Amino acid sequence: MTKIHSILFISSDEYSYKTARDVLSEDGYEILSSDNTEVLMRPSGLSPFSLIIIDISTAVGTITLLSQEIVDQLPFSIPLLFILPDTDTFVPDKFSEYCVDFLKKPFSKDELLLRVRNSIALHHLQTLTKNQTGMINQEYNGDTPELHHTLNQEMDYSDTRDFYLKVLDDFPNPVWRSNISGKCDFFNRNWLEFTGRAMEEELGDGWAEGVHPDDFERCLKIYIDNFGKQLPFEMEYRLRFHDGTYRWILDCGNPFFEPDGTFKGYIGSCYDIQDRKTAEELLNNANIELEKKILEINTSRFQLQETKDYLEKLIASANAPIIVWNPFCIITKANEALGDLIGLSPAEIIGNNLSSVFPQEFLEKIKIEEPNLHNRGLKEVVEIPITHQSGEMRIVLWNFAPVFSHPDECVAVIAQGQDITDHIQTEKALKQLNRQLNLMSSITRHDILNQVNVIKLVLELLKPSVPQQPYKKYLDAVETATGNIHTQIEFTKIYQELGSHDPQWENLYILICSLQVPEKISFSCSIKKIEVHADHLLRRVFDNLLDNSIRHGEKVTEIHVSCSRNPSGITIIWEDNGIGIKQEEKIKIFDLGYGKNTGLGLYLIREVLQITGITIAETGEEGKGARFEINVPNQGWRMSK
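To convert, note that position 81 of the sequence shown is 81 in UniProt numbering; the numbers rise steadily by one, no gaps.
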């Protein structure tokens, strides 16, 4: 039946005790606790325990009070395992002789379990060795005269040594031993299984071949320094595993002596701490990443503060009125320009409701639009009248934009205003003046056309009574000139409408497909779902292009309209299969008056298009047909819904 080992845990740290209890109980140990080292002074109560664990970080006070004499009288047939708080704390000298091992905080559960197992096994081994050696020495030094009895006892001693070598060989961790020369003369089975090498390969300095090259010099120095002083040592290094990889181990070496105190070398046990090292590396990498993140956060915070300061200075110094409010419609920022607009200082504006700046009827409109600002992140432009404290009213064009802390969380709305009162008044004056000019032009044009019609009527009456030559030629010249005057006057009516209306979005496919194309011409349009922002006379552009193809193409039977994209916008292409245009006329055809007829059609096309920044050029090849390219900038076109 397997013996159940009892362990006494001396600590006032409840967390350490619970951790040890959970780990050791699961492995079959029985663990009891005490919060005071005075229990050590009651020998009768200690006998059931196989190991005493003392947390020196919580029991140091009582340990200090124990004198060396008292310590020497304690029943240390029971091994002691000390838990140290950090790497700078050591086992008190008075206990060093009785301490079989120690742990340093923080430690892993696996490390605790290994130390406990090895402490109990090692102490058991030391006890048996001491008992057996004592018995042999007693028998050898007795009064028995028979030599064969002495030889039998020496043989028993040899048997005992072999027995303990067998115990070491069965030890659950790698174990090594070195003699007084410093050379290793024993490795247990666990070591050989770990390295995958034979005993002959490891003996002497052969074991060092398995130490990682980066760790060898450091380990050698630790070993030599402590060997010369006959002191215990610990060192961590990487040892080659039987699969060829390196694993971190903790190597604990202790000097051992003959019963008479003669130094005989070192014995050491090793613990596989690869998992701990891996965890430490992961933790270290995590700490490095955390430090990087903290640095990034601090840098971002600094940059954010700089940006905030810059924006506040920018807002404060802007000539345009700027206002910021939170989702509760409370004003959080205002600049001097806004104060000048309404007759209050920024300090008097900040903290008030929006109603202190915007009229109630427009405030409702803002509130209705605000969800759109928050949800869609759209910018809204609203024209709102603002009343000064003196009663003067100014018309201000406000541009509203949301401020987001997260993609779906709007924390504020910022608005910038532009006082357009003077602009509106000027626009009204210009419109009035334009109406008057248009009225005068209409009256004048009407009167001129009346006189032209009179001339045409007189010419018709004169034709029958005028001889054929030479007066007939003069009469024809007058009639031609009269016709040109009529055409030019009609053109002024069309030209007068240029820019008289705001530009609008036109669907090209619908507009082009509504042209009146003669049946003898095959007409096609491959433009789909494109809208162009142009003057309301855009239809006349394509009417005139069609008229140009019919009049001047001479043999046109096909017309095709297409569109292509480019980095700066789109190009609308109008091409036919007529006679084309000569190279020297490609630019002149857009000049006023140039051409075979009135010279107004292509000139009008260019004027209509350039109102919204659209250009036109002729790029065809003479003899193969005309090709007009209309270039629309990016801001002048869009895909239709």
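Positions of the beta carbon are idealized from the N, C-alpha and C atoms, including for glycine.
Keep in mind the model is a prediction, meaning the values are calculated, not measured.
The DSSP-derived three-state label of Lys-333 is strand.
Assigned with DSSP and collapsed to three states, Asp-251 falls in strand. At least 8 Å separates the beta-carbon of Asn-284 from that of Tyr-266. The straight-line gap separating the alpha-carbon atoms of Pro-321 and Ile-315 is approximately 9 Å. Taking the C-beta atoms as reference points, Gly-204 is found no nearer than 8 Å to Arg-240. Residue pairing of Asp-101 in beta bridges, as defined by DSSP: Leu-81.
Under the three-state reduction of DSSP output, Gly-204 falls in the strand class. A direct Cα-to-Cα measurement between Pro-567 and Ile-530 gives close to 16 Å. Burial of Thr-195 is indicated by the presence of at least 16 other C-beta atoms within 10 angstroms of its C-beta. Taking Glu-234 as the centre and dropping the five residues before and after it, the same chain places the C-beta of Leu-250, Asp-251, Cys-252, Gly-253 closer than 8 Å to its C-beta, in chain order. Taking 3 residues as the shortest admissible run, the segment 575 to 637 contains the following complete beta strand (DSSP E) segments, listed from N- to C-terminal end: 615 to 618, 627 to 633. Thr-387 sits in a strand when the DSSP states are folded into three classes. A contact is defined here as three or more CB-CB pairs under 8 Å, and the segment 538 to 552 meets this definition with respect to the segment 599 to 610.
About 5 Å separates the Cβ atoms of Ile-512 and Cys-525, confirming a contact at the 8 Å cut-off. Closest in alpha carbon position to Ser-356, among Glu-336, Thr-387, Leu-24, Asp-340, is Thr-387. Taking C-beta atoms as the reference points, Trp-248 and Ile-224 fail to come closer than 8 Å.
Per the C-alpha coordinates, the member of Thr-612, Phe-628, Arg-276 positioned closest to Thr-619 is Phe-628. DSSP places Glu-296 outside any beta strand (DSSP E); the residue lies instead in the alpha helix (DSSP H), whose first and last residues are 274 to 317. Between Pro-79 and Ser-34, the CB-CB gap reaches or exceeds 8 Å. Residue burial is scored here from C-beta neighbours: Tyr-471 has fewer than 16 other C-beta atoms within 10 angstroms and is therefore classed as exposed. With a cut-off of 8 Å on Cβ pairs, the segment 549 to 568 is not in contact with the segment 605 to 619, counting fewer than three such pairs. Taking a contact to require three or more Cβ pairs closer than 8 Å, the segment 412 to 427 and the segment 330 to 344 qualify as touching. Annotated as distal: Ile-395 and Ile-349, with beta-carbon spacing of 8 Å or more. For Arg-218, the enclosing alpha helix (DSSP H) starts and ends at 213 to 229. Where Glu-531 is concerned, the enclosing beta strand (DSSP E) starts and stops at 530 to 534. The Cβ-Cβ distance between Cys-270 and Asn-173 falls below 8 Å. In the DSSP annotation of this structure, the continuous segment of the alpha helix (DSSP H) that includes Ser-16 starts and ends at 14 to 26.
Under the DSSP assignment, Glu-506 falls in the beta strand (DSSP E) whose first and last residues are 504 to 507. Looking at the DSSP output, Pro-402 shares a beta bridge with Val-413. Contact between Val-517 and Phe-523 holds, with the beta-carbon distance rounding to 4 Å and staying under 8 Å. As the crow flies, the alpha-carbon of Leu-457 is around 29 Å from that of Tyr-594.
Per DSSP, reduced to three states, the secondary structure at Arg-240 is strand. Straight-line spacing of the CA atoms in Lys-463 and Gln-436 works out to 41 Å.
Under the three-state reduction of DSSP output, Asp-547 falls in the helix class. Excluding its 5 nearest sequence neighbours in each direction, Gly-625 has C-beta neighbours in its own chain below 8 Å: Gly-553, Val-556, Glu-575, Asp-576, Asn-577, Gly-578, Ile-579, Gly-580, listed in chain order. Judged by DSSP in its simplified three-state form, Leu-515 adopts coil rather than helix or strand.
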